[in-house]
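Let me begin by presenting the structure, written as structure tokens, before commenting on it.
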Amino acid sequence: MCGICGFTGYRQDQKTVIERMMKAIEHRGPDSEGSFCREITLGFRRLSIIDLEDGQQPMESADGNLHIVFNGEIYNYKELRAELEAFGISFCTHSDTEVLINTIQQYGEKALDKLRGMFGFAVWNEQEQSLMLARDFFGIKPVYYAEIDGHFVFASEIKSILAFPGYERKVNQKALEQYLSFQYSPLEETFFRGIYKLMPGHMLLYKNGNYEIKTYFKTKLAPGQWDRKTNMEQLRNQLAENLKDSVEHHMLSDVEVGAFLSGGVDSGYLASS
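Given below as structure tokens:
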């Protein structure tokens, strides 16, 4: 778990503000921190998992145009790296962050279709003066955003946005009603008025003071995809292969890996894999 935060627009106290925002999510990344201050200000708190020495953020693309802060893991980063190297892109680290930003450099928005992992990230395009936020399609990693006094502000947690000067804390009655009805709020809105969550499988594109949200992933259910002649043994084998492949990709790490056991069949099976 890492923490990202940032805001658009110049401020005389840019460094002070981003440090305050990073401090609010220090618990997400106790290992190190970094910031980037220009037309946009990016902040990062790191929990080191892959490439412990050289995976510092914010990180720039090979051409120096893109700048990223990224929370999560890209499980297929080794395959993507080999693909990018075939295009002549060279790498300075062994981190999945560098692979991610150069995949975006190479493919733009279509890069999201290539990612296998959990993520919440922000990428600043220096040439286009644009910002892209994206969240993984299961919504494992959080991303929140707000517009405050002409600044677009984002972070991994709401408390980081609350640290931005000028936000007036008000309860969002719509989200409260949803929570009292369903024990959670399915809305994009949060309990804080004017602060929103980026929904799973969505990207947000910000430029020239405006933003738009796009869906890049939709679940496809195909009830008739299985041949009636497919027997249970074949289905069990395919399930076992898929689970083994998933577990192997999740175990990519430069630190120790463990398994949580709840006592159920599912966690026991995954641990044994």
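The opening position of the sequence shown corresponds to residue 9 in our numbering, with each subsequent residue numbered one higher.
All residues carry an ideal CB built from backbone N, CA and C; glycine is no exception.
Computed from a prediction, not measured in an experiment: that's the story for all the values here.
Counting C-beta pairs closer than 8 Å gives three or more between the region 72-89 and the region 123-140, which meets the contact rule. Residue burial is scored here from C-beta neighbours: residue 226 has fewer than 16 other C-beta atoms within 10 angstroms and is therefore classed as exposed.
In this structure residue 217 is exposed. Its beta-carbon is surrounded by fewer than 16 other beta-carbon atoms within 10 angstroms. Of all alpha-carbon atoms in 85, 48, 170, the one lying nearest the alpha-carbon of residue 261 is that of 85.
A straight line joining the alpha-carbon of residue 247 with that of residue 241 spans about 10 Å. The residue from 65, 39, 61, 38 with its alpha-carbon nearest to that of residue 51 is 65. Counted as a single uninterrupted DSSP element, the alpha helix (DSSP H) harbouring residue 166 occupies residues 166-170. Assignment of residue 207 by DSSP, reduced to helix, strand and coil, places it in the coil class. Under the 10 Å beta carbon count, residue 79 is surrounded by 16 or more other beta carbons and is classified as buried.
In the structure shown, residue 220 falls within a strand segment according to DSSP collapsed to helix, strand and coil. The C-beta separation of residue 164 from residue 63 comes to about 17 Å, leaving the pair out of contact by the 8 Å criterion. For residue 73, no beta strand (DSSP E) encloses it, and the DSSP letter there is neither H nor E.
With contact defined as three or more Cβ pairs closer than 8 Å, the region 110-123 and the region 163-179 are not in contact. Distances from the CA of residue 27 to each of 151, 53, 47 were compared; the closest alpha carbon is that of 53. Secondary structure note for residue 156: its beta strand (DSSP E) is the uninterrupted segment 152-156. The three-state secondary structure of residue 116, taken from DSSP, is helix. DSSP, read as helix, strand or coil, puts residue 214 in strand. Residue 279 holds the alpha-carbon nearest to the alpha-carbon of residue 265 among 271, 279, 252.
Per DSSP, residue 251 is one residue of the alpha helix (DSSP H) stretching across 240-258. Residue environment for residue 103: buried (at least 16 other C-beta atoms within 10 angstroms of its C-beta).
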